[in-house]
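What follows is one structure encoded as structure tokens, with my remarks underneath.
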Amino acid sequence: MKLQMHSIHFDADVKLLDFIQKRIDKLETFYDRFIDGEVFLKLDKDSTNSNKIVEVKLNIPGNQLFAKEKSDSFEAGIDAASEALRRQIKKFKEKQMAH
113 MKLQMHSIHF
123 DADVKLLDFI
133 QKRIDKLETF
143 YDRFIDGEVF
153 LKLDKDSTNS
163 NKIVEVKLNI
173 PGNQLFAKEK
183 SDSFEAGIDA
193 ASEALRRQIK
203 KFKEKQMAH
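The sequence shown lines up with residues 113 to 211 when you count with the working numbering.
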């Protein structure tokens, strides 16, 4: 899937970008008609440990899936966001089957 990745106010490591790409590509096993996607990586200014924000937007025909997670690391955030998106895909497919 074609993903645009945006790291806001910092430069993301190539390993991190590859990890994100692989994790999001795994979602194609649940639904294979993705158009494209965007990933936003942000660092929150607060002093707590969980200051990394991950936002994932996936475009599918006729709809858009979105997940936003805040965690200690970008990897953990992507894991949580991809799990949330997997649940959204499952719901979306169930709605389609009902029609």
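Every residue, glycine too, gets a C-beta built ideally from N, C-alpha and C.
- Residue nearest to F204 within the set F146, E181, K134 is F146 (criterion: CA-CA distance).
- Counting only the Cα atoms, F131 lies some 25 Å from P173.
- Per the Cβ contact rule, the region 156-165 is not in contact with the region 122-131 (fewer than 3 Cβ pairs under 8 Å).
- For E150, the closest C-alpha among the options F178, K169, A179 is that of K169.
- Counted as a single uninterrupted DSSP element, the stretch harbouring F152 is not any alpha helix (DSSP H) but the beta strand (DSSP E) occupying residues 148-155.
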